[in-house]
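Report on the structure given below.
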Amino acid sequence: MAPPTEDFDLLVVGGGKAGKTLAMDRARSGARVAMVERGMIGGTCINVACIPTKALVASARARRTLDRGRELGLIVDGAEADVDLLRAHKSDVVDGMVALNHKQFLDSGMDLVIGQARFVAERTVDVRLSDGGRRVLRGADTVINTGTRPRLPAIPGLDAAGALTSESLLRLESIPGRLIVLGDGPIGLEFADMFAAFGSRVTVVSRHSRLLPREDAEIAAAVRDLLSGHGVTVLLEREVARVGRDAGGEVTVVLEDGLELAGDDVLVAVGRQPVTEELDLPRAGVAVTAAGFVDVDEHLATTAPHTWAAGDVAGSPQFTHASLDDYRILKENLGGGSRSSKGRLVPRTTFLSLDLAHVGLTEEEARRLGHPVKIARLPVSAIPRARTTGETRGLWKAVVHADTNRILGATLLGPETGEVITTVQTAMLAGLPCTALRDMMITHPTMSEGLAMLFAGPADD
Ligand SMILES: Cc1cc2nc3c(=O)[nH]c(=O)nc-3n(C[C@H](O)[C@H](O)[C@H](O)COP(=O)(O)OP(=O)(O)OC[C@H]3O[C@@H](n4cnc5c(N)ncnc54)[C@H](O)[C@@H]3O)c2cc1C
Ligand SMILES: NC(=O)c1ccc[n+]([C@@H]2O[C@H](COP(=O)([O-])OP(=O)(O)OC[C@H]3O[C@@H](n4cnc5c(N)ncnc54)[C@H](O)[C@@H]3O)[C@@H](O)[C@H]2O)c1
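The following block contains the structure:
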């Protein structure tokens, strides 16, 4: 028999970035809040995504800097990745953040329910608790924030060959001697560049005519050069026919053109799928899209009353900062507001040996939309700060409206551009012309100084 239903002001199903932030916020202000999380305290980002990968990217980048030791005046006696030390470093970072999140959850006063939730009625979930019990919880408002998981394509033999996903590779059981990466998005390329620094021989297989099809074509070509410079083999316009693993443990990836790639492991990084199937959403009156994401309107309301969704599962851009912005939308809208997700300026940074940061439109997108554009380019080697560090690789590119000098977008490949892009974003949000950045006094010598140099070109045209 089901236990009696417990009522809450707010029920959060899945403790992702939006959900956990809202749950803490509302609990701290005195509301009765329950948050159900099936086990990853703090969500995907902290446990198996952004944070562990960026901890390891830091190791990979340090390795690359040590390779240039002599150039920087240092005698460095080799720098070799050690899988046990890497795992310990990653786990330290993750464990620290999980512990901090756990404490914050408890301090907020929320009811943190550890278990797997499934809907049994509108705004009502039945939770199989991790410790074996069961609870039925109902929210006056209910938020679904269950995230996404790696998508495994239907490639013959992939499963049986024990293909890795970002999650299993992050367990760092070993550093594969030869790693084959299927997919050309941020996950595939962050791992490719990172494992190349750890000593793996990496091959990336892409079905497109260039890497990172979402990004600016020129910058994507520069990313390809960066990877090639690190010994990564990039195969473009290839489809995988099948995958196999022999008794000796060697993996073979057979491409449709007949080429056979031999490796020790294969990483599948071809996108992520929503965690909705096991939620029994029809019982909650919540519709999903053809791709399985929760169907939400611009206010993040689902098809059921007082039921909302946020983050990856709601089809929001798959970034932690987008999920955080979804929290802001929900905070207002649960209180009767009508904040919208429409027209948001969503920045992104892919963390390779260099940052690949982007905001706004690419050149292709701006031209497709019919904007009259001026293009600004700046090689990173022109920036004094890059000269001082000796890391001069990369290219900055900006797209400016030819009539108004408004910045339409920028893509910056280089050191620290994940930081620099925020200034461009601020200027765009403020509606400033690019001359404002050209004429601003910027600390010397910083990477941000490159903005004045970048925008000197189109502004003077
Ligand atoms: C390898 C990798 C690297 C990434 N790097 C970056 C980066 O550098 N920067 C960036 O911005 N983004 C990055 N992302 C994307 C980012 O991780 C996601 O966009 C973000 O975590 C989405 O958060 P969310 O709020 O949708 O929910 P999530 O953080 O995915 O949380 C969902 C939670 O719901 C729980 N859950 C699911 N089903 C149930 C259920 N039935 N009952 C109870 N609980 C449930 C899960 O356990 C999970 O904790 C990366 C992703 C990956 C995979
Ligand atoms: N630094 C960051 O912010 C960061 C890092 C990692 C991931 N992420 C987020 O996670 C999301 C998922 O990342 P991802 O790289 O897995 O997905 P993605 O969708 O961004 O890229 C996957 C690529 O694989 C291709 N692909 C799809 N099916 C394929 C197949 N069968 N064979 C070969 N290629 C195929 C796709 O066309 C696409 O180009 C990203 O879009 C991003 O939003 C962000």
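For the sequence shown, UniProt numbering gives the first residue as 1, with consecutive numbering after it. Quick reminder that beta carbons are idealized off the backbone N, C-alpha and C, glycines included.
- According to DSSP, residue pairing for Lys-374 in a beta bridge involves Val-400.
- Residues of the same chain with a CB within less than 6 Å of the CB of Ala-2, apart from the 5 flanking positions on each side, are Val-136 in chain order.
- Taking the Cβ of Gly-157 as the reference point, every heavy atom of ligand 2 lies at 6 Å or farther away.
- With contacts defined by Cβ atoms closer than 7 Å, Gly-311 and Gly-16 form a contacting pair.
- Beyond the five residues adjoining it in sequence on each side, Ile-187 comes within less than 6 Å, by CB distance, of Ser-166 and Ala-269 in the same chain, given in chain order.
- With a threshold of 16 other beta carbon atoms within 10 Å, Glu-215 meets it and is buried.
- Taking C-beta separations shorter than 8 Å and ignoring five residues to either side along the sequence, the partners of Val-373 in its chain run Glu-363, Ala-366, Arg-367, Val-399, Val-400, His-401, Ala-402 and Leu-408, following chain order.
- Shown here for Arg-283: same chain residues with a beta carbon closer than 7 Å to its own, the five before and five after excluded, namely Phe-119, Val-120 and Ala-121 in chain order.
- Boundaries of the alpha helix (DSSP H) harbouring Ala-60: 50 to 67, taken from the DSSP string.
- Note that the segment 293 to 301 touches the segment 312 to 330; at least 3 beta-carbon pairs, one per stretch, sit closer than 8 Å.
- In this structure, ligand 1 has no non-hydrogen atom nearer than 6 Å to the beta-carbon of Val-240.
- Looking at the DSSP output, Gly-244 shares a beta bridge with Thr-252.
- Contact between Arg-134 and Asp-126 is confirmed by a C-beta separation of about 7 Å, below the 8 Å threshold.
- When rounded, the separation of the alpha-carbon atoms in Asp-159 and Arg-406 is 49 Å.
- Between the alpha carbons of Ala-196 and Thr-446 lies a distance of about 29 Å.
- For Ile-114, the Cβ stays outside the 6 Å cut-off from all heavy atoms of ligand 2.
- For Thr-303, DSSP records no beta bridge to any residue.
- Taking all protein chains in view, the Cβ of Lys-342 is surrounded by fewer than 16 other Cβ atoms within 10 Å, so the residue is classified as exposed.
- Two segments are said to touch when three or more pairs of C-beta atoms, one from each, lie closer than 8 Å; by this definition the segment 229 to 237 does not touch the segment 143 to 156.
- For Asp-184, the CB falls within less than 6 Å of some heavy atom of ligand 2.
- Counting only runs of at least 4 residues, the segment 348 to 394 fully encloses the following alpha helix (DSSP H) elements, listed from N- to C-terminal order: 363 to 368 and 384 to 389.
- The segment 342 to 354 makes contact with the segment 173 to 191, as at least three CB pairs between them are under 8 Å.
- Around the Cβ of Arg-70, a 10 Å sphere holds fewer than 16 other Cβ atoms; the residue is exposed.
- By the Cβ test, the segment 163 to 181 is in contact with the segment 194 to 210, since at least three Cβ pairs between them sit closer than 8 Å.
- Burial check for Asp-67: the Cβ neighbour count within 10 Å stays below 16, so the residue is exposed.
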